Structure formats: structure tokens, C-alpha cells
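Just so we're aligned, residue 0 is where the sequence shown starts under numbering that gives the first Met the number 0, counting upward by one. Here the structure comes first, spelled out in C-alpha cells, and everything after it is commentary.
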Amino acid sequence: MRRFRFGVQLSAATDLRTWRDTVARIADLGYSTVVVPDHLGRQWAPMVALAAALDAAPGLTLGTLVINTVQRNPVVLAKEAATLDLLSAGRFELGLGAGWLGSDAVRSGVAMAPAGERVERLTEWVDILELFWSKEIFSYHGRYYDLTDVVAMPRPARERPKLLIGGGSRRVLSLAGRRADVAALDVALPAGRFTSSSYVDAADAALFRQRAGWVAAAAGTRDADVERQLLVLDGLVAIGRDESAAARVADRWGIGVDRLRHLTTAMVGSVADVSDRLRERRECMGISYYVVQAGAFGAVAPVVDRLAGT
0 MRRFRFGVQL SAATDLRTWR DTVARIADLG YSTVVVPDHL GRQWAPMVAL AAALDAAPGL
60 TLGTLVINTV QRNPVVLAKE AATLDLLSAG RFELGLGAGW LGSDAVRSGV AMAPAGERVE
120 RLTEWVDILE LFWSKEIFSY HGRYYDLTDV VAMPRPARER PKLLIGGGSR RVLSLAGRRA
180 DVAALDVALP AGRFTSSSYV DAADAALFRQ RAGWVAAAAG TRDADVERQL LVLDGLVAIG
240 RDESAAARVA DRWGIGVDRL RHLTTAMVGS VADVSDRLRE RRECMGISYY VVQAGAFGAV
300 APVVDRLAGT
């Protein structure tokens, strides 16, 4: 089994100094990764924000969770990713997704294509990224992207940045199993919007076991090389012996405490209980890489201290 590692998803800060201080504190607490999401709400632009964090914690991996490929161009993003990997001496981890949030389409004016087309575009993205990171000049003629004489510069620090692909559908997670270094298991919200009830239903343990199975089936003989990652929302964290804290979280989500404790994307209970639950999930689903949102990284730090690297 893979050793546990933990990351924090940051979206913004009040200024550069606060941003860098937060990144440094995350590293001091034992986290190995800082990632930035890619939406058009109240958050910073991910690639710029990560560049601003390069020297805040020299040993920290920096990544995206995840780039919305609907809104971006693969060649431009490949160049930015190679640049960040070079500047960070190989500490960049590129996370990609097919796009799901309807409000991003409204705010950008880029229409949300059907799910099947978004996955096909994502597949071409992976083709183009791999060409960019392995060739000096290349052309690519796909269904959605037609590229001629692309100058693939700069070269990344490594052969290629580590690639993460995330989603909740079989097609996306099968692509992750075949092509990615990290498969990010996510809830499936096909309606394109977040509601408490739809999220809770999609976070059922049986569905996550199914998603992990899709990755394994597609990975085949390379399954052991594919890391499994999971994002934990800060609103689903209540770590400690205070039972009332868990009850308040459950009440906010409109579910019982027992159901809350067994949501795959929740961390509820004592440090020992949560640690045992993460070990069980690693056994049955292969999940060894957890990312928590910014509001919860202090609360989760005792779990990180207990499990990171084990």
C-alpha cells in the first residue's frame, strides 16, 4: 500500500504576505502539498497563485485541483505547467478535470458542452500535454484541437510534471486509470450545481468503492502506480471528542451523525477513530492521498501528524 500524504486546498488570501505565511504554516504542520482550485468565483487564479507560493516552503509540492479544461487552452496551460515545474525544481503537480460547475460557464460565456464531449476534450488534452512535455516541436490533429508546429518550450524540470485527473464519472476515472499518476475520486454532480442533498447522496461509501474499482479496471497492470486522492470539504470535518461538534455538522447537512461518520468525504470523530477510518479506506479503496480545504487544515493536523508517511 502507498504511504499516506496530505494536502491543503487554498483559494485566496488577503495579500501576498498572508498567502505565503499560510503556505509555510501548512508545510510546518506536516502537509506535503498545497493545491488551488479553478473556478470563477471568489478565488485567485491558480497558476499565478502557485507561482507566488514557490519560495514560501521549498519542500512543498504545488498543484491544481483541478484545472477546468472547458475554460482553457491545452497548449497555453502546458506551457504554464512546464514553467511552474521548471521554476519549482520539479515540485508541480497538474490536476485536470472535465468541468462540471454550471456557474463557471455562465460567468465565462463559454457554453458547457455535453458530458461526453467534455471527456473527449479532456482526453485530447492529455495527448497534447504529453506531446508538449516530450517533443521540441509537434503537431496534433484531433477532433477538437488542431495544432501545427507547436514550439514546446520550456522543458519541465522532470520528464513531465505529475499528472492528476479527477472526477466522479466512469469515463473520467477510467481515463485517470489509463493515463494519470493520480486519480482524484470525486462525487458526481451531473446537474452542474452543488446542493447538500445531492452531495451527500454522491458521497456514499458504496459509490466511492465503485469509483475506485473503475480506476483499477482501467489501470490494469499499472494499477499499483496510480495514487488515489480524495478531497475533504471543511464543512465535513469535526475531529476530537466533542460529540456535540459532530452533531452540529450533521445537522447542517440534514443527516444523522451515524451517516455523517460513514461519508467517505468526512473526517468526524476522535483522532484515533478518523485515523482508523482512513486506514480502512486505504485497504478497501486504495485512497492514500487526502486534501482538506483551507478552513480545516488546523483541525486535521493531528491526523496528519499520526498518519503522514505511514
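Built from N, CA and C at the ideal position, the CB exists for glycine as well. Everything numeric in this text was worked out from a predicted model, so none of it was measured.
Distance, residue j Cα to residue i Cα
{"i": "D20", "j": "A48", "result": "13 Å"}
{"i": "R227", "j": "R16", "result": "33 Å"}
{"i": "G141", "j": "I127", "result": "10 Å"}
{"i": "Y198", "j": "A190", "result": "11 Å"}
{"i": "A151", "j": "E129", "result": "10 Å"}
{"i": "A56", "j": "D27", "result": "9 Å"}
{"i": "T82", "j": "L232", "result": "30 Å"}
{"i": "P153", "j": "A88", "result": "13 Å"}
{"i": "A80", "j": "V273", "result": "35 Å"}
{"i": "S195", "j": "D203", "result": "13 Å"}
{"i": "R41", "j": "D103", "result": "12 Å"}
{"i": "V74", "j": "F131", "result": "8 Å"}
{"i": "G310", "j": "C283", "result": "Residue 310 falls outside the range modelled here, since the chain spans only 0 to 309, and no answer is possible."}
{"i": "T253", "j": "A237", "result": "For the record, residue 253 in the displayed sequence is Gly; it is not Thr. Whole-angstrom Cα-Cα distance: 15 Å."}
{"i": "D145", "j": "L121", "result": "14 Å"}
{"i": "R305", "j": "F5", "result": "11 Å"}
{"i": "D180", "j": "L163", "result": "6 Å"}
{"i": "R365", "j": "G255", "result": "For the chain, the structure presents residues 0 to 309; residue 365 sits outside this window and is missing."}
{"i": "E279", "j": "M0", "result": "12 Å"}
Extent of the continuous beta strand (DSSP E) run through residue i
{"i": "Q209", "result": "Segment 204-218 is the alpha helix (DSSP H) holding Q209; no beta strand (DSSP E) there."}
{"i": "S10", "result": "Counting along the chain, S10 falls outside any beta strand (DSSP E), and DSSP gives it neither H nor E."}
{"i": "G115", "result": "No beta strand (DSSP E) contains G115, which is instead part of the alpha helix (DSSP H) from 114-133."}
{"i": "D145", "result": "145-150"}
{"i": "S102", "result": "Here S102 belongs to no beta strand (DSSP E); instead the alpha helix (DSSP H) covers 101-107."}
{"i": "R192", "result": "R192 -> no beta strand (DSSP E), and no H or E assigned at all."}
{"i": "E3", "result": "As written in the sequence, residue 3 is Phe, which differs from the Glu given in the question. It is not in any beta strand (DSSP E) - F3 carries neither H nor E in the DSSP assignment."}
{"i": "Y30", "result": "That residue, Y30, is in no beta strand (DSSP E); it is neither H nor E in DSSP."}
Presumed contact (8 Å Cβ cut-off) between residue i and residue j, rounded CB distance
{"i": "G29", "j": "T68", "result": "Contact flag wrong, Cβ pair sits at about 32 Å."}
{"i": "V214", "j": "L172", "result": "5 Å"}
{"i": "L100", "j": "H38", "result": "6 Å"}
{"i": "S168", "j": "A114", "result": "7 Å"}
Start-to-end residues for the alpha helix (DSSP H) that takes in residue i
{"i": "D322", "result": "Nothing in the structure corresponds to residue 322, since the chain is present only between 0 and 309."}
{"i": "G176", "result": "169-178"}
{"i": "A51", "result": "45-51"}
{"i": "F296", "result": "296-306"}
{"i": "Y198", "result": "195-201"}
{"i": "E242", "result": "242-252"}
{"i": "T82", "result": "73-86"}
{"i": "L262", "result": "L262 -> no alpha helix (DSSP H), and no H or E assigned at all."}
{"i": "R19", "result": "15-27"}
Pick from the options that is closest to residue i, judged by C-alpha positions
{"i": "A44", "options": "G167, G62, L163, A56", "result": "G62"}
{"i": "L12", "options": "M0, G268, E158, V35", "result": "The question names Leu, but residue 12 in the sequence shown is Ala. Nearest of M0, G268, E158, V35 to A12, Cα basis: V35."}
{"i": "A271", "options": "V299, I66, R251, L259", "result": "V299"}
{"i": "V291", "options": "E123, G176, L235", "result": "L235"}
{"i": "V65", "options": "E92, L53, G212", "result": "E92"}
{"i": "M268", "options": "D145, A211, A249, A201", "result": "Per the sequence shown, residue 268 should be read as Gly rather than Met. It is A249."}
{"i": "R90", "options": "A50, R240, A217, K134", "result": "A50"}
{"i": "A156", "options": "V149, M111, S133, R71", "result": "S133"}
{"i": "I286", "options": "A182, G115, L121, S10", "result": "A182"}
{"i": "L9", "options": "R2, T32, F3", "result": "T32"}
{"i": "A307", "options": "G294, G297, Y289, F193", "result": "Y289"}
{"i": "A112", "options": "A246, Y143, L85, V186", "result": "Y143"}
{"i": "Q70", "options": "L174, R251, V105, V7", "result": "V105"}
Near the ligand HEM: residue i beta-carbon under 7 Å from a heavy atom
{"i": "E119", "result": "Absent from the structure shown: the ligand HEM. Ligands present: none."}
C-beta neighbour in chain C for residue i, strict 8 Å
{"i": "M152", "result": "No chain C is part of this structure, which consists of one protein chain only."}
So, do the stretch 261-275 and the stretch 199-208 have three or more beta carbon pairs nearer to each other than 8 Å? yes
So, does the stretch 131-147 touch the stretch 218-237, judging by three or more C-beta pairs under 8 Å? no
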